[in-house]
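Q: Following this message is one structure expressed as structure tokens.
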Amino acid sequence: MRFSQLLIPTLKENPAEAEVISHQLMLRAGFIRKLTSGIYSYLPLGLAAIRKVEQIVREEMNRAGAQELLLPMVQPAELWEESGRWQKYGPELLRFTDRHERRSCLGPTHEEVITDLVRKNIHSYRRLPLNLYQIQTKFRDEIRPRFGLMRGREFIMKDAYSFDADDQGASATYEKMKLAYQRIFHRCGLKFRAVEADSGSIGGNFSHEFMVLADTGEDTIVACTKCSYAANMEKARAREIPAPEKPELKPLEKIKTPGKRKVKAVTEFLNISPAELVKTLVFLADGKPVAVLLRGDHEVQEVKLCNLLGVQDVELADDKQVYDITGVPTGYLGPVGLKIPLVADREVVKMVNFTVGANEKNYHSLNVNPGRDFTIEKTADLRMITAEDHCPLCGAALDLTRGIEVGHIFKLGTVYSEALKARFLDNQGNEIPFVMGCYGIGVSRVVAAAIEQNHDRDGMIFPLPIAPAQVILLNLSSRDDKITGAAESLYRELLADNIEVILDDRDERPGVKFKDADLLGIPVRLMVGKSFTKEGNIEIRTRKNGRVITVPLAETVTRVREIIDSELAVAVG
Ligand code: ATP
Ligand code: MG
């Protein structure tokens, strides 16, 4: 590839529309261009990086025994009605009607289509297990597409779906895919972590997200500083705080707290710590009010609350809703005498003599105790983990770091096979539903995440396995015949050795070529310039650490080959 002929429309300035570094750099380096909100064209270098990720994904999926196919992007409404998702899936599902009044949607994911394919074609346990995958453009009408390829409306995903004869088989397939994912992100050269994620009604440890570690990530990861425990915020647990031994229950007391509504104001006024106060929050759970009790310094984790209540969605009631439901202004709510269902975080049940709102404007109650003063319907871990918490497995300190979700694996069980009546005959002749799993990787997001994790002020620093090219060869004086001759012959030699190289043959100053090479983040930079004229040497610079070595022209290809092979030879467990 010759720089002079490639479409690499680099920009000098940071584009104003881009908030995050990967988006800025991909625009500046001419990797992508926006067509419209959340929809991008992948230009040659951007596409080259995407293809690299795809290839690694393909190799590892095939190694794990999955088969590639390609499913349609346009899907009929009827299938989604069968699964119940035509109604349930939010406005992210782009629905439309064609010229024959057929209702359709653009595939945001393919559980329905694949289940339909399998139910029509697989009828016996003898054909199981079966694991099918595709790499394809998905469409999700995201409410806030942003950060370039990180959260697009159109994006490239690898999605796999597995079909097993029984639960045990499905669990084994799940573990196999977890290993395949580990190999994939490892081979991409990324620092990542597999974290436990919420598996909703399936239960067990059968949902993991793969997070690329980056300070700019949208997600928070909780990880133990000692053992292997790691989870996302929705799932993270902490070691339980022990209950006090023989607590002495003090008599309930009402106290005037004029105008003090927030935890901070009330606790400062009463000179107590937020850990001695219990806040009462009203939520609308699928529209129905429920009160949630939580220690003053804790926050609710809404997915945990949904799971406890068995609802799809919870929403914090606003001041007016709270008043309409309870007759009490927000800030003075408390559990004693409250007429709506009451659930509590498990820490609350162990607290004694705490402070709550008195269900009366400008008043709070002191020395309140569960059981004696009010009844709780259900208790569970409902809160967000904090940096002060400890590991649920080993008790060591927990670390909260940021990450970008690049993959998600999930045991589905029989949710879709039951709904779509996808059954097969087992070895006893019984007709039973397939046990399924689904496994996604955001291929285009992986490239963005790699840049978020690996860059400096000068540009991207691609891990070699997913770089759009392995080498950039700079002809530093395209008007000098000797230098140009050497650069051209080196270029041919590299190509002959199957090394992916961009020859910067443009009639530009060396400074411009250095800047662009850094911006594009190509791992190995070769320079044919003064040192060649003087000593017949080529300079080899590694983008990652800026190290420069000087070698004779004749040895260059061998040295480059060594560098590439050592970067590609990552140990995969
Ligand atoms: P998110 O929570 O980021 O919206 P999700 O959990 O809805 O993602 P999945 O349904 O698990 O996404 O999709 C599988 C993978 O596809 C995700 O792990 C992510 O890497 C990628 N992905 C999802 N939505 C987008 C998007 N809008 N743009 C780019 N990649 C995406
Ligand atoms: Mg996900």
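When you line the sequence shown up against our numbering, it's residues 2 to 574, in that order.
Using N, Cα and C, we set each Cβ at its ideal position, and we do this for glycine too.
Is it true that the CB of Glu501 sits closer than 8 Å to the CB of Val472?
A: yes
Q: Buried or exposed: Cys228, going by 16 or more other Cβ atoms within 10 Å of its Cβ?
A: exposed
Q: For the beta strand (DSSP E) that contains Ala276, what are its first and last residues?
A: Where Ala276 is concerned, there is no enclosing beta strand (DSSP E), given that its DSSP letter is neither H nor E.
Q: By how many angstroms is the C-alpha of Ile157 removed from the C-alpha of Glu79?
A: 25 Å
Q: For Gly47, name the three-state secondary structure that DSSP assigns.
A: helix
Q: Considering only residues of the segment 13-97, which uninterrupted alpha helix (DSSP H) runs meet the minimum length of 4 residues and lie entirely inside it, listed in chain order?
A: Fully enclosed alpha helix (DSSP H) runs of 4 or longer: 22-29, 45-64, 78-84 and 86-89.
Q: Would you check if there are 3 or more beta carbon pairs closer than 8 Å linking the segment 233-244 to the segment 462-471?
A: no
Q: Just the Cα atoms here: how many angstroms apart are Asp314 and Ala286?
A: So the two alpha carbons sit approximately 6 Å from each other.
Q: Which partner residues of Gly1 appear in the DSSP bridge assignment?
A: Any property of residue 1 remains undetermined from this structure, which presents the chain solely from 2 to 574.
Q: Do Glu509 and the ligand ATP come close, with the Cβ less than 7 Å from some heavy atom?
A: no
Q: Quick check: the Cα distance between Trp81 and Ala292, rounded to an integer number of angstroms?
A: 35 Å
Q: Let me know the secondary structure DSSP gives Ile405 once reduced to three states.
A: Strand, per DSSP.
Q: Between the alpha carbons of Val304 and Arg145, how many angstroms are there, rounded?
A: 21 Å
Q: Rounding to the nearest angstrom, what Cα-Cα distance links Lys261 and Ala215 in this structure?
A: Distance between the alpha carbons of Lys261 and Ala215 is about 40 Å.
Q: In the DSSP assignment, the alpha helix (DSSP H) including Pro158 goes from what residue to what residue?
A: It should be noted that the sequence gives Met, not Pro, for residue 158. Looking at the DSSP string, Met158 is not in any alpha helix (DSSP H); the run it does join, the beta strand (DSSP E), is Glu155 to Asp165.
Q: With burial defined as no fewer than 16 other Cβ atoms inside 10 Å of the residue's Cβ, what is the status of Gly530: buried or exposed?
A: buried
Q: Heavy atom of the ligand ATP less than 7 Å from the Cβ of Met158, yes or no?
A: yes
Q: For the segment 326-356, which segments carrying the alpha helix (DSSP H) assignment without a break, of at least 4 residues, lie completely within its bounds, in sequence order?
A: 347-351
Q: Kindly indicate which residue of Pro130, Glu112 and Phe193 has the alpha-carbon position closest to the one of Lys159.
A: Glu112
Q: Assuming Gly1 and Pro10 make a contact with CB atoms under 8 Å, what is their CB distance in whole Å?
A: The requested residue 1 does not occur in the structure, where the chain is confined to residues 2 to 574.
Q: Provide the residue span of the alpha helix (DSSP H) that contains Lys236, from first to last.
A: Per DSSP, Lys236 belongs to no alpha helix (DSSP H) and is neither H nor E.
Q: Apart from the five residues on each side of it in sequence, which residues of its chain come closer than 6 Å, Cβ to Cβ, to Phe435?
A: Phe164, Ser418 and Ala423
Q: Give a yes or no on whether the C-beta atoms belonging to Gln454 and Leu94 are separated by under 8 Å.
A: no
Q: Looking at the ligand ATP, does it come within less than 7 Å of Gly108, judged from the CB to the closest heavy atom?
A: no
Q: On the criterion of 16 or more Cβ atoms from any shown chain inside 10 Å, does Cys395 qualify as buried, or is it exposed?
A: Looking at its Cβ environment, which holds fewer than 16 other Cβ atoms inside 10 Å, Cys395 is exposed.
Q: Mind checking who Pro290 pairs with in its DSSP beta bridge?
A: Leu285
Q: Could you name the residues of the same chain whose beta carbon sits closer than 7 Å to that of Thr534, not counting the 5 residues immediately before and after it, in chain order?
A: These residues qualify, in order along the chain: Lys483 and Ile484.
Q: Using the three-state DSSP reduction, which class does Thr415 fall into: helix, strand or coil?
A: coil
Q: Here's the rule: buried if 16 or more other CB atoms are within 10 angstroms of the residue's CB, otherwise exposed. What is Lys53?
A: buried
Q: Helix, strand or coil for Val579, going by three-state DSSP, please let me know.
A: Any answer about residue 579 is impossible in this case: the structure gives the chain only from 2 up to 574.
Q: Indicate whether Thr217 and Ile452 have their beta-carbon atoms separated by less than 8 Å.
A: no
Q: Just to confirm the assignment: which complete beta strand (DSSP E) runs, minimum length 3, are found wholly within the segment 538-568?
A: Here the runs fully enclosed are 538-543 and 549-553.
Q: Would you kindly work out how many angstroms separate the C-alpha atoms of Asp481 and Gly522, rounded to a whole number?
A: 27 Å
Q: Given this structure, state the Cα-to-Cα distance separating Gly574 from Gln135, to the nearest angstrom.
A: In this predicted model, Gly574 has a pLDDT of only 49, less than 50, meaning its place in the structure is not dependable enough to derive any value.
Q: Indicate, with yes or no, if the ligand MG has a heavy atom lying under 7 Å from the CB of Glu102.
A: no
Q: Say the cut is 7 Å; is the CB of Glu406 nearer than that to a heavy atom of the ligand MG?
A: yes
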